[in-house]
Amino acid sequence: MTTEQPIRVLVVEDDPVAADAHVLYVGRVPGFVAVGKAHTGAEARRALERTAVDLLLLDLHLPDVHGLQLARSLRAAGHQADVIAVTSARDLTVVREGVSLGVVQYVLKPFTFGTLRDRLIRYAEFHAAAGEASGQDEVDRALATLRAPGPAALPKGLSAPTLERVTVTLRDRAEGYTAAGIAETVGISRITARRYLEHLVEAGRAERKPLYGQVGRPELVYRWVRATGPGR
Numbered sequence: 001m002t003t004e005q006p007i008r009v010l011v012v013e014d015d016p017v018a019a020d021a022h023v024l025y026v027g028r029v030p031g032f033v034a035v036g037k038a039h040t041g042a043e044a045r046r047a048l049e050r051t052a053v054d055l056l057l058l059d060l061h062l063p064d065v066h067g068l069q070l071a072r073s074l075r076a077a078g079h080q081a082d083v084i085a086v087t088s089a090r091d092l093t094v095v096r097e098g099v100s101l102g103v104v105q106y107v108l109k110p111f112t113f114g115t116l117r118d119r120l121i122r123y124a125e126f127h128a129a130a131g132e133a134s135g136q137d138e139v140d141r142a143l144a145t146l147r148a149p150g151p152a153a154l155p156k157g158l159s160a161p162t163l164e165r166v167t168v169t170l171r172d173r174a175e176g177y178t179a180a181g182i183a184e185t186v187g188i189s190r191i192t193a194r195r196y197l198e199h200l201v202e203a204g205r206a207e208r209k210p211l212y213g214q215v216g217r218p219e220l221v222y223r224w225v226r227a228t229g230p231g232r
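When the letters of the sequence shown are read in order and numbered with the working numbering, they come out as residues 1 to 232.
So, in structure tokens, the structure goes:
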């Protein structure tokens with residue numbers, strides 16, 4: 001009896017916190033294994049020379065090269081690994097360009113484990129397709145496995161537009177916000193603000209620290225942990 005080999009994933013992400021989170025996420029999905037991580041395009045190239053990889057989980061904004069430029073150079077060098085692009089950028093021109101370079105999925109930051117799990121499971125179904133299609137319907141079904149049926153689900157009670165507002169607000173202030181500060185700025189309740197902030201912490205996009213020096217219980221301050229740079 002043969003054992004099916006797991007899909008080998010290289011995480012390419014310049015933010016160490018996010019890279020560690022993505023490695024953990026990949027390891028939690030059955031059928032996948034993270035074989036390494038790289039923080040720059042140069043590190044990714046070296047890793048690919050040493051290790052067989054089926055899939056790149058690729059941040060598009062690396063410190064030494066744009067992710068699509070890296071994908072293009074890897075294709076030219078004969079590397080055939082597929083790519084799931086991870087980015088905060090929403091430029092559809094970039095999305096179209098990526099199709100010809102082996103980008104099979106895009107995941108917008110910040111995202112939850114559930115979002116990535118869904119994309120990986122769909123990729124696994126696509127990756128497993130083999131043999132000759134019986135007709136157009138079978139080809140269409142194989143390609144359809146890569147497409148999510150709708151927007152990725154957030155935890156119950158959270159909405160994508162509000163998450164976007166909280167994300168942008170937090171990211172634009174280096175000193176961070178308390179839940180009360182986010183609530184006032186975004187126009188939501190303090191309890192709701194805390195739920196969104198805790199979601200960002202769980203996703204590895206924010207950190208929380210107690211704010212001392214006040215009477216009573218210290219308040220938590222949330223800060224964006226992503227390194228600043230173009231398209232973040």
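Using N, Cα and C, we set each Cβ at its ideal position, and we do this for glycine too.
Just so we're clear, the structure is a prediction, and the values are computed from it rather than from any experiment.
Residue(s) in a DSSP beta bridge with residue i
| i | result |
| --- | --- |
| E207 | R223 |
| T87 | L108 |
| F126 | Its beta-bridge partners do not exist; DSSP assigns none. |
| H66 | H61 |
| L56 | L10, V83 |
| G41 | Looking at the DSSP assignment, G41 forms no beta bridge with any residue, so it has no partner. |
| F32 | I7 |
Neighbourhood of residue i by C-beta, 7 Å cutoff - its chain only, sequence neighbours within 5 removed
| i | result |
| --- | --- |
| R194 | A179 |
| A124 | I7, G31 |
| H22 | V11, E13, L57 |
Same chain only: Cβ atoms within 8 Å of residue i, ignoring 5 sequence neighbours per side
| i | result |
| --- | --- |
| P218 | P210, L211, Y212 |
| R28 | F113, R117 |
| E4 | G31 |
| L158 | R195, Y196, H199 |
| I182 | V166, T169, L170, I188, A193, Y196, L197, Y222 |
| G98 | L68, A71, V83, A85, Y106 |
| E138 | In this prediction, E138 has a pLDDT of 47, which is less than 50 and means its spatial position is unreliable; what the coordinates show is noted afterwards. None. |
| R46 | A38 |
For residue j and residue i, the rounded distance between their alpha carbons
| i | j | result |
| --- | --- | --- |
| R232 | S189 | Confidence in R232 is poor, its pLDDT being 42 and thus under 50, which makes the residue's placement too unreliable to answer from. |
| V12 | D172 | 24 Å |
| A174 | A128 | 44 Å |
| G187 | Y222 | 17 Å |
| T185 | T169 | 8 Å |
| A81 | A34 | 14 Å |
| P6 | L55 | 11 Å |
| H79 | G41 | 14 Å |
| L163 | V17 | 20 Å |
| P63 | D15 | 10 Å |
| R205 | K156 | 19 Å |
| R119 | F111 | 11 Å |
| L154 | D20 | 21 Å |
| L74 | R122 | 24 Å |
| Y177 | R50 | 43 Å |
| P161 | L60 | 23 Å |
| L220 | G36 | 34 Å |
C-beta contact flag for residue i and residue j at 8 Å
| i | j | result |
| --- | --- | --- |
| V65 | L10 | no |
| L58 | A85 | yes |
| L68 | S88 | no |
| A71 | L101 | yes |
| E202 | V225 | no |
| F126 | V104 | yes |
Same chain only: Cβ atoms within 6 Å of residue i, ignoring 5 sequence neighbours per side
| i | result |
| --- | --- |
| A44 | V12, A38 |
| Y25 | F113, L116 |
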